[in-house]
Amino acid sequence: MGHRKILILFTDQWRWDAISGLGGTIAKTPNVDRLLARGTVFRNHYTVCVPCGPSRASFLTGLYAMTHRSVTNGTPLDDRFDNLALSVRRQGIEPLLVGYTTTTPDPRSTTANDPRFQVAGDVLPGFKPLAPYHAGQDTYRAELKAKGYDVSDMDRLWCPEPQPLPPGRGLSWPPSRLSTEDADNAFYTDQALKHLAVREDRDWLMFLTFMRPHPPFVAPAPWHDMFDPADMPAPRRAASLAEEANQHPYVAHLLETTDVQGFIPQGTGRIADLSDLDVAQTMATYFGMIAELDFQIGRVLDHLEATGEVDETLVIFTSDHGELLGDHYMFGKAGPFEGSYRIPLILAEPGGTARTIEAYTESVDLMPTILDWIGAPIPRACDGRSLLPWMRGETPARWRDGVMLEFDLRSIKSGTPLGLVPDDGGAAIWRDEATAFVHYAGLPPMSYDLRKDPHELKNLGKTPERAAAQLLTRRIGHAERTLTGYQAGPGGLASLAVSDHMV
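Sequential numbering of the sequence shown, starting at 76, is according to the numbering used here.
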């Protein structure tokens with residue numbers, strides 16, 4: 076290996092099954108498929124928390140949300156935690172950011188007047204931001220303004236012009252006002268390529284993050300018309316809205332309060348009341364957005380191949396969280412269901428072999444994997460484990476047989492729902508082959524027999540003993556342990572190896 080280079084292709088809201096090369100999907104992703112020839116695919120990979128900010132905090136620190144406690148978008152991340160950018164920087168590798176990390180700074184390190192508190196998230200300490208997305212999207216807005224666009228209302232600029240719908244097309248069909256060339260995916264791809272072109276002779280890590288296919292569900296032409304709603308699969312949901320809402324008070328709350336406009340700006344009312352055609356059209360638009368992003372990803376992969384850097388670059392393709400895409404009468408990533416948490420993961424290293432891994436993996440595994448790949452120490456505090464053995468055809472000892480996931484209902488600004496106080500808003504999920512169990516701090520439990528009910532349609536409403544024990548064991552074993560691997564006494568300070576902890 077020559078230089079140490081890591082390219083993280085990090086999307087927002089990409090479903091785990093939306094990769095055409097893995098089969099069984101409507102998606103068309105010929106460029107992501109290119110990674111499969113030399114990559115390891117992890118078919119049961121999960122983000123450990125939602126939504127965007129918490130999931131990125133876990134990915135970039137290797138910590139469960141129960142430890143880093145940045146549990147909502149806008150919740151500050153404690154400065155005391157190590158992170159991926161700082162870790163690779165200590166190894167002489169430049170950590171580059173194109174896009175966003177959705178990190179709110181520790182308020183104890185600054186004042187309430189800090190402009191970073193006026194946005195949903197800023198830049199994680201350690202990164203060199205080349206083209207940051209948040210903080211008002213200033214770099215992208217400046218580019219559009221230089222091209223003559225009126226950027227006073229970015230939401231309107233992205234969204235479609237009002238127009239009649241062709242027969243058989245639903246609300247989300249009209250294309251964006253922006254062309255493919257002027258859309259944000261193209262801009263951030265351009266920025267990445269511009270900076271990679273002057274770093275061919277250096278070590279680097281680039282965290283290249285894309286906003287899409289995050290809502291609003293609007294695709295630029297011609298991608299908006301690429302898929303036909305008539306070809307879309309049926310969503311996985313109960314026979315009626317009332318039956319779905321009856322599963323649990325939180326599910327009923329989401330169905331009652333989730334508004335269409337956050338997903339389809341030209342719509343009105345609740346997501347749960349969308350017609351079958353509008354649901355199918357939203358699926359079709361979503362897959363068009365994925366196809367457009369796949370095109371941009373292809374440009375980056377072409378650069379690596381043209382420069383020969385493909386032979387010294389670890390390429391990681393993944394997402395921050397999933398997308399329900401009509402399942403349970405919902406869009407987005409709120410709630411306790413699998414579609415919100417299960418995400419794609421492909422790791423393609425120089426000279427890699429195509430492999431498929433069915434074992435359970437979690438987003439906290441990525442920081443340890445990257446550090447292992449560059450030969451750097453893995454902080455004992457990390458909750459994940461390196462995936463490098465799986466990539467090399469080995470089966471690690473004592474691997475996990477299920478995943479622990481978290482989400483939080485709290486909101487300070489809009490109010491925590493269902494009469495809960497904020498600190499009763501936490502929830503934790505245990506998932507394995509047999510069971511999905513959701514424990515709420517302030518609400519009744521949810522549980523599913525996944526062998527009989529793989530799509531989570533019949534809440535059993537009980538606490539399964541084994542799943543509860545697994546969840547409790549995982550949380551006990553991963554209580555904050557930065558210094559628990561040391562013990563003083565006769566003979567001095569003894570320490571454990573990082574590999575001595577269970578996952």
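For every residue, glycine included, the Cβ atom is placed at its ideal position computed from N, Cα and C.
From a predicted model like this one, the values you see are computed outputs, not experimental measurements.
Exercise for the section: State buried or exposed for residue 413, treating a residue as buried only when at least 16 other CB atoms are found within 10 Å of its CB. Expected result: Buried, because 16 or more other Cβ atoms sit within 10 Å of the Cβ of residue 413.
Handout entry: residue 512 - containing beta strand (DSSP E), residue span
Key = Run containing residue 512: 510-515, per the beta strand (DSSP E) assignment.
Handout entry: Opposing strand residues paired with residue 436 [DSSP bridges]
Key = According to DSSP, residue 436 bridges with 120.
Problem - Inter-residue spacing [alpha-carbon to alpha-carbon] between residue 550 and residue 122 - result: Distance between the alpha carbons of residue 550 and residue 122 is about 16 Å.
Exercise for the section: Give every residue of the same chain whose Cβ lies closer than 6 Å to the Cβ of residue 530, excluding the five residues on either side of it in the sequence, and list them in chain order. Expected result: Exclusion of the five residues before and after residue 530 leaves 311 as the residues of its chain whose Cβ lies within less than 6 Å of its Cβ.
Handout entry: Cutoff 6 Å; reference residue 149; Cβ partners in own chain excluding five residues on either side
Key = Cβ neighbours of residue 149 beyond the five flanking positions: 179 and 195.
Practice task
Would you please state the rounded distance, in angstroms, between the beta carbons of residue 356 and residue 246? I believe it to be under 8 Å.
Solution key: Right, their Cβ atoms sit about 6 Å apart.
Practice task
Sort 438, 408 and 449 by Cα distance to residue 424 and report the nearest one.
Solution key: Just measuring C-alpha positions, the residue of 438, 408 and 449 sitting nearest residue 424 is 449.
Problem - Inter-stretch contact at 8 Å, needing at least 3 Cβ pairs: the segment 376-383 / the segment 461-475 - result: Touching, no.
Problem - residue 352 versus residue 403: straight-line alpha-carbon distance, rounded - result: CA-CA distance, residue 352 to residue 403, rounds to 16 Å.
Exercise for the section: Assign residue 193 to buried or exposed, taking buried as 16 or more other Cβ atoms, counted over all protein chains shown, within 10 Å of its Cβ. Expected result: Per the 10 Å Cβ criterion, exposed.
Exercise for the section: Identify, in the order they occur along the chain, each residue of the same chain with its Cβ nearer than 6 Å to the Cβ of residue 398, setting aside the five sequence neighbours on each side. Expected result: Counting only Cβ-Cβ distances below 6 Å, and skipping sequence neighbours, we find 88 and 90.
Practice task
Count the other C-beta atoms from every protein chain shown that fall within 10 angstroms of the C-beta of residue 487, then say buried if there are 16 or more, exposed otherwise.
Solution key: When all chains shown are included, residue 487 counts as exposed.
Practice task
In angstroms with no decimal places, state the Cα-to-Cα distance between residue 361 and residue 153.
Solution key: Distance between the alpha carbons of residue 361 and residue 153: 35 Å.
Practice task
Using beta-carbon positions only, say whether residue 102 and residue 339 come within less than 7 Å of one another.
Solution key: Contact: no.
Exercise for the section: Assuming residue 435 contacts residue 478 (C-beta within less than 8 Å), just tell me the rounded distance between them. Expected result: Yes, residue 435 and residue 478 are in contact; Cβ-Cβ is about 5 Å, under 8 Å.
Practice task
Have a look at 135, 126 and 233 and flag the residue whose alpha-carbon is nearest the alpha-carbon of residue 296.
Solution key: Closest by alpha carbon: 233.
Practice task
Assess, as a yes-or-no matter, whether the segment 208-223 is touched by the segment 259-270 under the definition of 3 or more beta carbon pairs within less than 8 Å.
Solution key: At 8 Å Cβ cutoff, the stretches touch.
Exercise for the section: For residue 531, name the three-state secondary structure that DSSP assigns. Expected result: Three-state result, residue 531: coil.
Problem - Inter-stretch contact (C-beta, 8 Å, three-pair minimum) for the segment 536-552 and the segment 501-510 - result: With the rule of 3 Cβ pairs closer than 8 Å, the segment 536-552 counts as touching the segment 501-510.
Practice task
Output the residue ranges of the beta strand (DSSP E) runs that lie fully inside the segment 161-212 and measure 3 residues or longer, sorted by chain position.
Solution key: Runs found: 169-174 and 203-207.
Handout entry: Beta-carbon spacing of residue 136, residue 158 below 7 Å
Key = Contact: yes.
Practice task
For the beta strand (DSSP E) holding residue 478, just list the boundary residues, first then last.
Solution key: Where residue 478 is concerned, the enclosing beta strand (DSSP E) stretches over 478-483.
Practice task
State buried or exposed for residue 572, treating a residue as buried only when at least 16 other CB atoms are found within 10 Å of its CB.
Solution key: Counting every other CB atom within 10 Å of its CB across the protein chains shown gives residue 572 a total below 16, marking it as exposed.
Practice task
Kindly list the residues whose CB is nearer than 7 Å to the CB of residue 499, restricted to its own chain and excluding five residues on each side of it in sequence; keep chain order.
Solution key: Excluding sequence neighbours, residue 499 sits near 516 and 517.
Handout entry: Whole alpha helix (DSSP H) elements within the segment 256-286, 4-residue minimum
Key = Taken in chain order, the complete alpha helix (DSSP H) segments of 4 or more residues contained in the segment 256-286 are 259-271.
Handout entry: Distance CB(residue 375)-CB(residue 280) smaller than 7 Å
Key = In this structure, residue 375 sits away from residue 280, with a CB-CB distance that is not shorter than 7 Å.
Handout entry: Where residue 318 falls, given that 16 or more other Cβ within 10 Å makes a residue buried
Key = Burial is judged here by how many other beta carbons sit within 10 angstroms of a residue's own beta carbon; residue 318 has fewer than 16 and is exposed.
Problem - Inter-residue Cα distance where the pair is residue 294 and residue 96 - result: Looking at the two C-alpha atoms, the distance is approximately 22 Å.
Practice task
Starting from the Cα of residue 327, find the closest Cα among 492, 270, 198 and 343 and give me that residue.
Solution key: Nearest to residue 327 by alpha-carbon distance, out of 492, 270, 198 and 343, is 492.
Handout entry: Proximity to residue 172 [Cα-Cα], best of 344, 459, 540 and 200
Key = That would be 200, whose Cα lies nearest to the Cα of residue 172.
Practice task
Scan the segment 341-426 and note each continuous alpha helix (DSSP H) run of 4 residues or more that stays entirely inside, going in chain order.
Solution key: Listed in chain order, they are 351-382 and 413-416.
Handout entry: residue 88 (DSSP reduced to helix, strand or coil)
Key = Looking at residue 88 - three-state DSSP - the assignment turns out to be coil, as it is neither helix nor strand.
Problem - Test item: CB-CB of residue 523 and residue 511 under 7 Å - result: Yes. Within cutoff.
Handout entry: Own chain, CB closer than 6 Å to residue 77, minus 5 neighbours either side, in chain order
Key = Cβ within range, chain order: 387.
Handout entry: Same chain, Cβ closer than 8 Å to residue 539, five either side skipped, listed in chain order
Key = So the list reads 510, 512 and 522, once near-sequence residues are dropped.
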